[in-house]
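Colleague: Let me begin by handing over the structure; questions about it come next.
Protein chains: 4
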Amino acid sequence: MDADTDPVEFFDRIPFVDDLGIELTDASGGRAEGRLELAERHTSNERTGVVHGGVTYSLADTVGGAAVYSTVGRSTPTVDMRIDYLAPATGEELRAEAETLRVGAGVATVDVTVVDESGTRIAECRGVYKTGGGDGENVWQGNRGE
Amino acid sequence: MDADTDPVEFFDRIPFVDDLGIELTDASGGRAEGRLELAERHTSNERTGVVHGGVTYSLADTVGGAAVYSTVGRSTPTVDMRIDYLAPATGEELRAEAETLRVGAGVATVDVTVVDESGTRIAECRGVYKTGGGDGENVWQGNRGE
Amino acid sequence: MDADTDPVEFFDRIPFVDDLGIELTDASGGRAEGRLELAERHTSNERTGVVHGGVTYSLADTVGGAAVYSTVGRSTPTVDMRIDYLAPATGEELRAEAETLRVGAGVATVDVTVVDESGTRIAECRGVYKTGGGDGENVWQGNRGE
Amino acid sequence: MDADTDPVEFFDRIPFVDDLGIELTDASGGRAEGRLELAERHTSNERTGVVHGGVTYSLADTVGGAAVYSTVGRSTPTVDMRIDYLAPATGEELRAEAETLRVGAGVATVDVTVVDESGTRIAECRGVYKTGGGDGENVWQGNRGE
């Protein structure tokens, strides 16, 4: 993968990001922002319109990865992520902001906050991404010591 | 929501579960199983075909919730979830098995393992779901003490 | 337990808090602060003097619990906690600040930041505490639906 | 640090491990076991005798690190750890068993189960340890890309 690829362009080319409707709006210097326009297909309940937790997570994991990508210049697989749900999402949009807490030669630790269009905090996430060991493909081999 | 609803029927009616292609295959007695047939739209990289972490998470969160639903008989929002990625998913299918480690009056703790069709372990997840305080709607109010 | 007990007094009576040397300095309105004076017995390596991760965690879990106690007025067992280590602690003191992100009828979600005396961030923690179901004893029975 | 050091000897020399009373009983091939004899000083409440969560965590983090050490042959700092408390510990002893789920060139993922002397499951933990980038000292520099 080309380390000079613009993060926004790189992430907008990801099939699942496109399929889900995630739009990466900014990524530079270890910070990133993205948004997702909500539709009925994103919900866990037609009647209540509450968004499925997997949608919120997918936005957070993507924007968190973009924050790391923006500082290390290559694809960085997620090692682990924790998400804490703080309020049900029933609005028209989710917005995520990510920042790196630490970027190391081996791993980076990232915080991601997800809010709705009114600024209500929907979820807080914290995760670790792999920064070393090659690109998005062989980093996994590296992860497994192969 | 009807506490007597069959878990498999209940989860198969969830819009995002249907949109992503998750199939809940079993849920009873605090255990649940589900599967997801992988397509290019689920990937994070067209060339490598590696599945996006949000897809793996969405399957795990859904099957984990089904395990809790199967024992408490109602919708149980996720409070928090951790996912650890162990290998890249590049196969044709993801399979998830969930079991409750503890089911309490307030919360349940759940383990979910995700494998591919060859049995390779793709991810391990552990999460907490809300079991008390009403149904999928007002449980959140309950969560916020309202 | 008396819900009117001052949080600082209550936590300073905890045997392990006293044994480890944790001092709770403030707890009110869903926020708490504490400190720990470091000694060689707290380290994971005599030569480097790096503090053992269990010491940092113990301070964080205690101060996080105090933040919840300060708002719900009773002992609140930890359901789960994640700690991310950001830098090795080699100084003379650890300081922790905790704040509740959400306080519900069933559970509370809490953030805790641990720094050393120079302000270097040593660890970030996020956890869920049980707020309902009785006091520190029978809450566990409640947790297990007994 | 000497990569040939026996893990049990290495961990028994850790000041906090000795101070808390943790005994590492076995560590080889990516698995480790340890125990802790409980005393009043370990409790969070004299009256109930429930063990402080920091004690359970400290045992788990130590035994988890020993499992990684046993396979990579050197000190491996904890990157992050999640602990889920499943039952209150009020017995005479805690026992921990750890196994590596994945050991990579950069990080290892580990599961740790903590039980009491009757076999009651007290806590489940999952964490990531740093396996690359030098020894217990400069691995942190590596972590911070310095």
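Chains as they are written, first to last, in the numbering used here: chain A, 1 to 146; chain B, 1001 to 1146; chain C, 2001 to 2146; chain D, 3001 to 3146. Every residue, glycine too, gets a C-beta built ideally from N, C-alpha and C.
#1: Please confirm if D/Glu3124 has its CB atom under 8 Å from at least one CB of chain B.
#2: Label B/Gly1119 either buried or exposed according to how many other C-beta atoms from any shown protein chain fall within 10 Å of its C-beta, with 16 as the threshold for buried.
#3: Closer than 9 Å by beta-carbon distance: list the chain B residues that pair up with D/Thr3109, in chain order.
#4: Would you say the segment 1040 to 1057 of chain B touches the segment 1102 to 1111 of chain B, given that touching needs at least three Cβ pairs under 8 Å?
#5: Quick check on A/Arg102 - is its C-beta less than 8 Å from some C-beta in chain C?
#6: Is it buried or exposed, D/Arg3095, if we count other Cβ atoms within 10 angstroms and call 16 or more buried?
#7: Give me the Cβ distance between C/Gly2127 and C/Arg2082, rounded to the nearest whole Å; I'm assuming they're in contact under 8 Å.
#8: Which residues of chain D have a Cβ atom closer than 8 Å to the Cβ of C/Ala2019, listed in chain order?
#9: Distance, Cα to Cα, D/Arg3144 vs D/Tyr3069?
#10: For B/Ala1131, name the three-state secondary structure that DSSP assigns.
#11: Sort out for me which residues DSSP pairs A/Tyr85 with in a bridge.
#12: For B/Glu1093 and B/Arg1035, what's the separation of their Cα atoms in angstroms?
#13: Just confirm the distance between the C-beta atoms of B/Tyr1129 and B/Val1114, as a whole number of angstroms; I'd bet it's less than 8 Å.
#14: Keeping to the same chain, check which residues put their C-beta closer than 8 Å to that of C/Val2050; ignore five residues upstream and five downstream.
#15: Helix, strand or coil: which one does DSSP assign to C/Ser2075?
#16: Going by other Cβ atoms of all chains shown within 10 Å of its Cβ, with 16 needed for buried, is C/Glu2117 buried or exposed?
#17: Does the beta-carbon of A/Gly53 have 16 or more other beta-carbons within 10 angstroms, so that it is buried, or is it exposed?
#18: Residues of chain D with a CB under 7 Å from the CB of C/Val2055: which are they?
#19: If you follow the alpha helix (DSSP H) that C/Leu2020 is part of, which residue opens it and which one closes it?
#20: Using only the alpha-carbon positions, how far apart do B/Ser1075 and B/Glu1099 sit?
#21: Please list the partners that D/Thr3076 has in chain C, where partner means a Cβ-to-Cβ separation under 9 Å.
#22: Return the first residue and the last residue of the alpha helix (DSSP H) that A/Val112 is part of.
#23: Check whether the Cβ atoms of A/Ala66 and A/Ala27 sit closer than 8 Å, and answer yes or no.
#24: List, from N- to C-terminal side, the beta strand (DSSP E) runs of 3 residues or more that fit wholly inside the segment 2028 to 2059 of chain C.
#25: Starting from D/Glu3046, find everything on chain C with Cβ-Cβ shorter than 9 Å and list it in chain order.
#26: Check whether chain A comes within 8 Å of B/Thr1131, counting only Cβ atoms and requiring the distance to be less than that.
#27: Can you tell me which of A/Arg121, A/Ile22 and A/Thr78 puts its alpha carbon nearest to the alpha carbon of A/Asp84?
#28: Checking the sheet assignment: what are the DSSP bridge partners for B/Thr1100?
#29: So for D/Thr3025, helix, strand or coil by DSSP?
#30: Find the residues of chain C that neighbour D/Thr3025, judging by a C-beta separation of less than 7 Å, and give them in chain order.
#31: Against chain D, does A/Val68 count as a neighbour if the rule is that its beta carbon must be under 8 Å from one of theirs?
#32: If you run the structure through DSSP and keep just helix, strand and coil, what is D/Asn3143?
#33: Look at the Cβ atom of C/Gly2021, then the Cβ atom of C/Glu2009, and state whether they are nearer than 8 Å.
#34: Give the C-beta separation of A/Glu33 and A/Glu97 to the nearest angstrom, bearing in mind that I take them to be a contact with Cβ-Cβ under 8 Å.
#35: Hey, could you find the ends of the alpha helix (DSSP H) A/Glu9 is sitting in?
#36: Just to confirm, are A/Leu24 and A/Asp12 a CB contact at a threshold of 8 Å?
Modeller: Here's the rundown:
#1: yes
#2: exposed
#3: Asp1084, Tyr1085, Leu1086 and Glu1124
#4: no
#5: yes
#6: buried
#7: 7 Å
#8: According to the sequence provided, residue 2019 of chain C is Asp. The question's Ala does not apply to it. By Cβ distance, chain D contributes Arg3041 and His3042.
#9: Low confidence applies to D/Arg3144: its pLDDT is 34, below 50, so where it sits in the model is not reliable, and the reading given next is rough at best. D/Arg3144 and D/Tyr3069: Cα-Cα distance of roughly 21 Å.
#10: Residue identity check: residue 1131 of chain B is Thr in the sequence provided, not Ala. Note: B/Thr1131 maps to coil in three-state DSSP.
#11: A/Ala123
#12: 7 Å
#13: No, B/Tyr1129 and B/Val1114 are not in contact; Cβ-Cβ is about 17 Å, not under 8 Å.
#14: Thr2043, Ser2044, Pro2088, Ala2089 and Thr2090
#15: coil
#16: exposed
#17: buried
#18: Phe3016
#19: Pro2015 to Leu2020
#20: 16 Å
#21: Simply none; closest approach about 11 Å.
#22: A/Val112 -> not in any alpha helix (DSSP H); beta strand (DSSP E) instead, spanning Val107 to Asp116.
#23: yes
#24: 2031 to 2037
#25: Arg2013, Ile2014 and Pro2015
#26: no
#27: A/Arg121
#28: B/Val1110
#29: strand
#30: Residues of chain C passing the Cβ test: none, with the nearest at roughly 18 Å.
#31: no
#32: Confidence in D/Asn3143 is poor, its pLDDT being 39 and thus under 50, which makes the residue's placement unreliable; the coordinate value appears in the next sentence. In the structure shown, D/Asn3143 sits in a helix (DSSP, three-state: H, G or I).
#33: no
#34: 5 Å
#35: Pro7 to Asp12
#36: yes
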